[in-house]
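Per the numbering used here, the sequence shown starts with residue 3, numbered consecutively.
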Amino acid sequence: QQQPHQSLVVLSSNKMLLFLAATVLVGFASAQVPNKKVSYQLNKSTIIMPCNNSGFTDPKSTVGWSIIDFDWSNAKAIWVKNRPMNDEEVLQQQVVMSTSASLGQTVWVYRGSMWAYPWYTSVRKTLDDPAYSDWYIKFKPNPPYTAKKCDNNWNPPKCSDYYHNSEQTPGYPHGDGDCAAPNCDCGKMPCGFYIWNHSSTTVVNNQTFLDWFRDSYVFDYQGTSPLVSGMYFDDWWPETGGFPDPFPNMAQDMGLTPAMQKQISLSYQANMAVIYDEILKRGMFSWQQMWNGQSNPTDKNGCCTKPLVVKGPSCASSLRSLCKADSPAQTRLMKYAFSPGRCGGDPGNLTDPVQDIANFLLVRGPHALLGHGWLGCSRTYQVPEQINWDYGEPTELCKETGTNTGIFTRDWTKATITMDCNTWTPTIKMK
């Protein structure tokens, strides 16, 4: 909740200003921003990542947000009991439900980029067909193994030489999602997290791995749906060190040498470069392409996004940097999270919503999204009333009112936005 000195000042005026700085806010590298019409309307510049693992996400719970990014765990209680599991199809049902209930709302969908999930039908089909064997990493030839190769709930046990583990995996009678009796059905293979071999050169049914990954997995019927405007590409192939969503002794179980890991990682990076380029060509965007303060321009955005301006001594210095014309806040698609961000806090009880909105309006460029990163399943998302206010368009970059005053302002055609870093006080003056 807001502290007593954290007040919002809202005044009114008939003054309208011309848009003076359009040329400052355009001309970006094509790889950094989406190929779509610019909109400064705040309620069309929001994003959340909801999930309801007990069933479908109620479309009423996401009203007021312009982009809904659904995790693979959404509706897990439904698809985990299907035989075989069909997460992908259930996700598409959610896409239709949500976009039908909220006019103008679009959906981003989940795609694993390193882990291969057999509960996605497109993935299961390749796991079930031995012709695609080279596209998957295997267990090393001889034990010991930390991960289990078999599901003993089947008679005879269902086993696979393809490396897989039980990280976040449905199970019977209990797991990360509880299967119906008598066991979990992921097709011919045991359920688990499998791993693609991005360096495979094997051609199957006239497709290379990259052909299939792009055309039959990422941009399948769901990825090409007009209801889907973007993607979340989870995880990555590290060149060295541990893996994302780690399971004990992964490299040892696979017999993976450092040279092999680096080779596959470089192939992964090359494949994903093709995917990111294709995303832009199709007028879409991805979570990983957003900028949320990464110092290295090649670093991808993670799920635990943060507010880029926070209360305290860093407030003024952050705004001085973000207000520059060459700031990534202006030249890329900026992702700004409500406080506290970093995968923490209660989205149903925001701590500094007005401060976050004011700071977002101060620093945003032509392409920007305000909202939340990953906060888990079954959460309530508060929609602050200021999200639906009409601020018009910015007429200038934000600026400090004087040398080291710690007070920053920015004119919009229908409002003037101010943040006093000394007292953490936002002011929105409507015109």
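C-beta: ideal position from N, C-alpha, C; glycine also.
Q. When the Cβ atoms of the region 250-270 are set against those of the region 287-294, are three or more pairs found closer than 8 Å?
A. no
Q: For residue 189, I'd like the list of residues in its chain whose CB is within less than 7 Å of its CB, leaving aside the five on either flank, ordered along the chain.
A: Answer for residue 189: 86, 120, 126, 129, 130, listed in chain order.
Q: Indicate whether the contact test is met: 3 or more Cβ pairs, each with one atom in the region 247-260 and one in the region 312-319, closer than 8 Å.
A: no
Q. Excluding the five sequence neighbours on either side, which residues of its own chain have a C-beta within less than 7 Å of the C-beta of residue 78, listed in chain order?
A. Apart from the 5 residues on each side of it in sequence, residue 78 sits with its Cβ closer than 7 Å to the Cβ of 55, 179 in its chain, given in chain order.
Q.
With three or more C-beta pairs closer than 8 Å as the rule, is the region 154-165 touching the region 86-99?
A. no
Q. To the nearest angstrom, how far is it from the Cα of residue 382 to the Cα of residue 242?
A. 38 Å
Q) Out of 74, 110, 166, which has the shortest C-alpha to C-alpha gap to residue 123? A) Per the C-alpha coordinates, the member of 74, 110, 166 positioned closest to residue 123 is 74.
Q. Nearest to residue 115 by CA position, among 36, 60, 275, 185, is which residue?
A. 275
Q: Please name the residue in 316, 347, 338, 389 whose C-alpha comes closest to that of residue 424.
A: 316
Q. What residues match up with residue 111 in a beta bridge as DSSP calls it?
A. 233
Q | Where residue 18 falls: helix, strand or coil (DSSP) | A | Confidence at residue 18 is low in this model, with a pLDDT of 28, below 50, so the placement of that residue is unreliable and no value is reported for it.
(Q) For residue 356 and residue 44, what's the separation of their Cα atoms in angstroms? (A) 13 Å
Q | Proximity winner among 186, 368, 406, 118, relative to residue 247 (alpha-carbon distances) | A | 118
(Q) What does the alpha-carbon distance come out to for the pair residue 427 and residue 419? (A) 11 Å
Q) Starting from residue 126 and walking both ways along the alpha helix (DSSP H), at which residues does that stretch end? A) 123-130
Q | Where the alpha helix (DSSP H) containing residue 333 begins and where it ends | A | 330-333
Q | Uninterrupted beta strand (DSSP E) stretches inside the region 350-404 (no shorter than 3 residues) | A | 370-376
Q: Count the other CB atoms, across all protein chains shown, that sit within 10 Å of the CB of residue 152; report buried if there are 16 or more and exposed otherwise.
A: exposed
Q. In the DSSP assignment, what are the bridge partners of residue 164?
A. 140
Q: Less than 8 Å between the CB atoms is what I'm expecting for residue 80 and residue 100, so what's the real figure, rounded?
A: That pair is no contact at about 15 Å.
Q. Any idea which residues DSSP pairs residue 410 with across the strands?
A. Answer is 402, 421.
**Q.** Residues that residue 177 bridges to, as DSSP identifies them
**A.** Looking at the DSSP assignment, residue 177 forms no beta bridge with any residue, so it has no partner.
Q. Going by the CB atoms, is the gap between residue 35 and residue 334 shorter than 9 Å?
A. yes
(Q) Just to confirm, is the Cβ distance from residue 373 to residue 338 under 9 Å? (A) yes
Q) In this structure, does DSSP put residue 317 in helix, strand or coil? A) helix
Q | Contacting residues, own chain, Cβ-Cβ under 8 Å from residue 320 (five flanking each side not counted) | A | Correct list, in chain order: 310, 311, 312.
Q: For residue 392, count neighbouring C-beta atoms within 10 Å of its own C-beta (all shown protein chains included) and say buried if the count is 16 or more, exposed if not.
A: exposed
Q: Compute the Euclidean distance between the alpha carbons of residue 406 and residue 318, then round it to the nearest angstrom.
A: 8 Å
Q: Pull up the distance between the alpha-carbon of residue 110 and that of residue 421, whole angstroms please.
A: 32 Å
**Q.** Nearest to residue 83 (by Cα), restricted to the options 37, 150, 168, 174
**A.** 174
**Q.** With 16 other Cβ atoms within 10 Å as the buried cut-off, status of residue 384
**A.** exposed
Q. Just reading off the alpha helix (DSSP H) that residue 278 is part of, what are its end residues?
A. 260-283
Q: For residue 105, count neighbouring Cβ atoms within 10 angstroms of its own Cβ and tell me buried if that reaches 16, exposed if not.
A: exposed
Q.
Helix, strand or coil for residue 77? Go by DSSP, reduced to three states.
A. coil
**Q.** Host alpha helix (DSSP H) of residue 211 (start-end)
**A.** 211-214
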